[in-house]
Amino acid sequence: MKILMVCLGNICRSPLAEGILRHLADEKGLNWEVDSAGTGNWHVGDPPDRRSVKVARQHGIDISGLRGRQFQVTDFDDFDRIFVMDLDNYRDVLRKARTDADRDKVQLLLDNQQPVPDPWYDDALFEPVYNMIYKACQRIVAGTDI
Numbered sequence: 001m002k003i004l005m006v007c008l009g010n011i012c013r014s015p016l017a018e019g020i021l022r023h024l025a026d027e028k029g030l031n032w033e034v035d036s037a038g039t040g041n042w043h044v045g046d047p048p049d050r051r052s053v054k055v056a057r058q059h060g061i062d063i064s065g066l067r068g069r070q071f072q073v074t075d076f077d078d079f080d081r082i083f084v085m086d087l088d089n090y091r092d093v094l095r096k097a098r099t100d101a102d103r104d105k106v107q108l109l110l111d112n113q114q115p116v117p118d119p120w121y122d123d124a125l126f127e128p129v130y131n132m133i134y135k136a137c138q139r140i141v142a143g144t145d146i
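Just so you know, we're using full-length UniProt numbering here: the sequence shown kicks off at 1 and counts up by one.
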């Protein structure tokens, strides 16, 4: 299984989602490929936001080596599932879809179709965002969102 996590800049939410899902998949012995990307190009090559790195580390996950990249049309070919963090990301990714098969790969990360809030402007959101993403990734690993 190849899964891509997508947010706006690929430095806060999607690197957390990549790290959490990879960690949970490894714990279960799943041979999954997990990556992340942003719909924007502002942080290509940058490490995750220090606050994302910190909250992940507090939970035993190291995302410090990840680097930002921008979502590409070829990601539809390379990944089985594409999970996005909010409706803006959803629309941006779907704009690049070429076929119904591309569109069928894309869904919001949270099962209640709510957005994962962007913690960029609010330090207090990093822990709640981590917890939201963790629960969603648990469902993915359990097979209920695949």
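We treat Cβ as the ideally placed atom computed from N, Cα and C, and that holds for glycine.
Quick check on this structure: which residue in the options has the alpha carbon closest to the alpha carbon of residue i?
i, options, result
"residue 1", "39, 78, 125 and 14", "78"
"residue 37", "55, 10, 57 and 17", "10"
"residue 131", "21, 6, 8 and 3", "21"
"residue 83", "44, 48, 58 and 102", "102"
"residue 89", "44, 66 and 71", "71"
"residue 51", "64, 45 and 43", "64"
"residue 45", "12, 67, 58 and 114", "67"
Over the uninterrupted alpha helix (DSSP H) stretch that includes residue i, give me the two end residues.
i, result
"residue 86", "Premise fails: residue 86 is in no alpha helix (DSSP H) and is neither H nor E."
"residue 113", "Premise fails: residue 113 is in no alpha helix (DSSP H) and is neither H nor E."
"residue 138", "126–142"
"residue 103", "100–104"
"residue 156", "Past the edges of the chain, shown from 1 to 146, lies residue 156, and the structure says nothing about it."
Please report the residue range of the beta strand (DSSP E) in which residue i lies.
i, result
"residue 154", "Residue 154 is absent from the model: the chain starts at 1 and stops at 146."
"residue 55", "Counting along the chain, residue 55 falls outside any beta strand (DSSP E), though it belongs to the alpha helix (DSSP H) covering 50–58."
Does residue i come out as helix, strand or coil in the three-state DSSP assignment?
i, result
"residue 7", "strand"
"residue 34", "strand"
"residue 24", "helix"
Compute the distance between the beta-carbons of residue i and residue j, then report whether it is under 7 angstroms.
i, j, result
"residue 109", "residue 142", "no"
"residue 61", "residue 29", "no"
"residue 96", "residue 73", "yes"
"residue 133", "residue 16", "yes"
Would you call residue i buried or exposed, if buried means 16 or more other Cβ atoms sit within 10 Å of its Cβ?
i, result
"residue 86", "buried"
"residue 124", "exposed"
"residue 99", "exposed"
"residue 75", "buried"
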